[in-house]
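Following: one structure in structure tokens, then a few remarks.
As structure tokens, this is what we get:
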């Protein structure tokens, strides 16, 4: 009995004299892991929810940190200091488990219209993390300045590390990594606070998590079955399902920018769909280098900007699956600068090089993986054509695009594009619908007015074509073409475009010198 009492006294002394360094390291790892979790769930929410709800729900989840602190405040008077310290490794083990539980529920549950439930699920790790952090600050208040340093340093390192982790391993493996951070912290503190038998349990849990992460085929299968994404009404997959279209998810990749899918449908023979976050879709055309097999693309409205004028030097912003590059090649472009911000699209297209004729790797193509607006601002090149086809996701377009900053379509961006065109250059946009087209026309009008082209002369510089026979007389404006030329369009150019538009069964809404200006008259 005396031996047991002596052991308890020694243990109590160790608890009361726990070194500050293990606590600082643990706090650093917990803070980093919580920040990484915050960004990871934001990334996972993005394909399934409207963007403003993503920010709102993530902010509400972070409120869990305060809830955790409040719980500690309420229970502090009822719990002995020694017991609080003994509980620290336990809270860390619970934090590791909560990361996996919370993420799995978000990932595997069907889409939920009751959005607050997403916040409640996502808040669980923040509540547990808040309890741990509050306990540490309460127990070691004399070292608060050092604790704050470790806390803020952890968040700072986490903000850098999260991009690397998601880019390299995807969100599922990222969650396993931050669970490992919590387990490592638990193991570190347990050496000071727990008995040997309890330490063995922590080691066993750590090994179990390690084995789960090491079995990558299982992780890959888990990652594939993103139930919330498949059942969200906002994605292309949902649209295809509603249309009873047979479709197959052929491949996918995650990075910090987006989730990128390769989708095949029965109706899209000779092409696959490359979808970014389920909302921005582009085509990857089957191509073996023989241009005679893809001549049918010349009847596509997307080809029209290349059908008039010179195309020697082309700038394509957001080429996605590579169709835009193929259109430029069909038109005879010899110097194509393809600027794609989404590295996932580039990796997918390069992975399917045998299918698409290695479209990004052709000698005529110079690939830039960066933001298109910044590229245009920095370049000294002068282009025959600058082409942007549905650069922004349709989800953002249809739900309050005016509420979000997008630097591709601003007045300043139009000026940058205009300055990068040669004297006969064209600026072409493929848009989603009438509302975003109308906004962009007024943005162009304001921008060009400052460049010396008043509204009275603007109509001779602008072409507006609607797709597939849609138009003003009863039909909706659907994925229209808006093209602006630095010099006025000539009668010959308008005549050629009119022939192509009619042969492609499209509808001219405004075409200089043709008498087709009903849309423009209504607009003015």
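Numbering (UniProt numbering), first residue to last: 1 to 524.
Using N, Cα and C, we set each Cβ at its ideal position, and we do this for glycine too.
Owing to the predicted nature of the structure, the values given are computational and were not obtained by experimental measurement.
Here's a check: name, in chain order, each residue in its chain whose Cβ is nearer than 6 Å to the Cβ of residue 416, leaving out the five neighbours to either side.
The sequence position of residue 416 within the chain shown is 416, counting from 1. Taken in chain order, the residues that qualify are 376, 377.
Residue 477: which of 65, 154, 437, 104 sits nearest, CA to CA?
Walking along the chain shown from the start, residue 477 turns up at place 477. Considering only alpha carbons, the answer is 437.
Return the first residue and the last residue of the alpha helix (DSSP H) that residue 32 is part of.
The count along the chain shown starts at 1 and reaches residue 32 at position 32. That run of the alpha helix (DSSP H) goes 20-45.
Is the beta carbon of residue 481 sitting closer than 7 Å to the one on residue 386?
Here the question's residue 481 lines up with position 481 in the chain shown. Here the question's residue 386 lines up with position 386 in the chain shown. No, they are not a contact pair.
Specify the secondary structure class of residue 133 as computed by DSSP and reduced to three states.
Walking along the chain shown from the start, residue 133 turns up at place 133. Residue 133 falls in the helix class under three-state DSSP.
What is the rounded straight-line gap between the Cα of residue 483 and the Cα of residue 521?
The residue given as residue 483 occupies position 483 in the chain shown. The residue given as residue 521 occupies position 521 in the chain shown. Their Cα atoms are separated by approximately 17 Å.
Please report how far the alpha carbon of residue 546 lies from the alpha carbon of residue 441, in whole angstroms.
Because the chain here runs from 1 to 524, residue 546 falls outside it and cannot be looked at.
Among 254, 267, 287, 289, whose alpha-carbon lies nearest the alpha-carbon of residue 278?
Locating residue 278 in the chain shown gives position 278, where the first residue counts as 1. Of the listed residues, the one whose Cα sits closest to residue 278 is 254.
Kindly confirm or deny that the segment 47-64 and the segment 170-184 touch, where touching means at least three C-beta pairs closer than 8 Å.
no
Whole-Å CB distance - residue 381 paired with residue 420, under 8 Å assumed
As a position in the chain shown, residue 381 is number 381, starting the count at 1. As a position in the chain shown, residue 420 is number 420, starting the count at 1. About 7 Å; that satisfies the 8 Å criterion.
Reducing DSSP to helix, strand and coil, say where residue 399 ends up.
On the chain shown, residue 399 is found 399 positions in, with the first residue counted as 1. Its pLDDT being 38, under 50, residue 399 is placed unreliably by the model, and the measurement read from it follows with that caveat. If DSSP states are grouped into helix, strand and coil, residue 399 belongs with coil.
In the DSSP assignment, what residue or residues form a beta bridge with residue 264?
Numbered from 1 along the chain shown, position 264 holds the residue referred to as residue 264. 248, per the DSSP bridge assignment.
So the candidates are 285, 49, 133; which of them puts its Cα closest to the Cα of residue 114?
In the chain shown, counting from the first residue as 1, residue 114 sits at position 114. Nearest option by C-alpha distance: 49.
Alpha carbon to alpha carbon, what distance is there between residue 163 and residue 370?
For the purposes of this step, residue 370 is taken as the residue at position 370 of the chain shown. For the purposes of this step, residue 163 is taken as the residue at position 163 of the chain shown. Spanning the two alpha carbons is a distance of roughly 15 Å.
Length at least 4, wholly inside the segment 268-306: the alpha helix (DSSP H) runs in chain order:
none
In whole angstroms, give me the CA-to-CA distance for residue 54 and residue 121.
Numbered from its first residue, the chain shown carries residue 54 at position 54. Numbered from its first residue, the chain shown carries residue 121 at position 121. About 14 Å.
Spatial neighbours of residue 508 within its chain, please: CB distance less than 6 Å, with the 5 preceding and 5 following residues excluded, ordered by chain position.
Residue numbering aside, residue 508 sits at position 508 when the chain shown is read from its first letter. Excluding sequence neighbours, residue 508 sits near 465, 501, 516.
Whole-Å CB distance - residue 91 paired with residue 132, under 8 Å assumed
For the purposes of this step, residue 91 is identified with residue 91 of the chain shown, where counting begins at 1. For the purposes of this step, residue 132 is identified with residue 132 of the chain shown, where counting begins at 1. Contact flag correct, Cβ pair sits at about 4 Å.
With a threshold of 8 Å, are at least 3 pairs of Cβ atoms found where one atom belongs to the segment 103-119 and the other to the segment 133-146?
no
Short CB-CB distance (under 7 Å) between residue 330 and chain D:
This model lacks chain D altogether; it includes just one protein chain.
Whose C-alpha, out of 157, 161, 170, is nearest the C-alpha of residue 43?
In the chain shown, residue 43 corresponds to position 43, counting from 1. When only C-alpha atoms are compared, the closest one is 170.
What residue does the beta strand (DSSP E) around residue 409 start on, and which one ends it?
By 1-based counting over the chain shown, the position of residue 409 is 409. Careful: residue 409 lies outside any beta strand (DSSP E) and carries neither H nor E.
Which residue comes first and which comes last in the beta strand (DSSP E) that contains residue 483?
Position 483 of the chain shown, counting from 1, holds the residue named residue 483. Segment 481-485, the beta strand (DSSP E) holding residue 483.
Residues near residue 313 by beta carbon distance below 6 Å, same chain, minus five either side:
Start at 1 with the first residue of the chain shown, and residue 313 comes out as number 313. Once the five neighbours on either side are set aside, the close Cβ partners of residue 313 are 335, 383, 384.
Going by DSSP, name the residue or residues bridged to residue 367.
Indexing the chain shown from 1 puts residue 367 at position 367. For residue 367, which the question treats as bridged, DSSP gives the partners 338.
Closest by C-alpha distance to residue 216, when choosing among 172, 430, 181
Numbered from its first residue, the chain shown carries residue 216 at position 216. The shortest C-alpha separation from residue 216 is found at 172.
What residues are listed by DSSP as bridge partners for residue 346?
Position 346 of the chain shown, counting from 1, holds the residue named residue 346. Paired residues: none, contrary to the question.
In angstroms with no decimal places, state the Cα-to-Cα distance between residue 101 and residue 95.
As a first step, residue 101 must be located in the chain shown, where it is residue number 101. As a first step, residue 95 must be located in the chain shown, where it is residue number 95. Near 10 Å, if we compare the C-alpha coordinates of residue 95 and residue 101.
Going along the chain, which residues of its own chain have a beta-carbon closer than 6 Å to the beta-carbon of residue 512, five neighbours each way excluded?
The count along the chain shown starts at 1 and reaches residue 512 at position 512. Excluding sequence neighbours, residue 512 sits near 460, 489, 494.
Would you identify the three-state DSSP class for residue 391, choosing helix, strand or coil?
Reading the chain shown from its first residue, position 391 is the one you call residue 391. Of the three classes helix, strand and coil, the one that applies to residue 391 here is coil, per DSSP.
Rounded separation between residue 337 and residue 27 - CA only
Within the chain shown, residue 337 is the residue found at index 337, counting from 1. Within the chain shown, residue 27 is the residue found at index 27, counting from 1. For residue 337 and residue 27, the distance between alpha carbons rounds to 47 Å.
Would you mind reading off the limits of the alpha helix (DSSP H) that contains residue 372?
Sequence index remark: in the chain shown, residue 372 carries index 372 (1-based). Residue 372 -> alpha helix (DSSP H) spans 372-378.
Let's see if you can read the secondary structure: which residues bound the alpha helix (DSSP H) around residue 64?
For this step, residue 64 is matched to residue 64 along the chain shown. Per DSSP, residue 64 belongs to the alpha helix (DSSP H) from 64-75.
Pull up the distance between the alpha-carbon of residue 256 and that of residue 503, whole angstroms please.
In the chain shown, the residue the question calls residue 256 occupies position 256. In the chain shown, the residue the question calls residue 503 occupies position 503. Going by the C-alpha atoms only, they are around 43 Å apart.
With a threshold of 16 other CB atoms inside 10 Å of the CB of residue 288, please say whether the residue is buried or exposed.
Counted from its first residue, the chain shown places residue 288 at position 288. By the neighbour-count rule (16 or more Cβ atoms within 10 Å), residue 288 is not buried but exposed.
Among 296, 293, 283, which has the Cα closest to the Cα of residue 346?
If you number the chain shown from 1, residue 346 lands on position 346. Considering only alpha carbons, the answer is 283.
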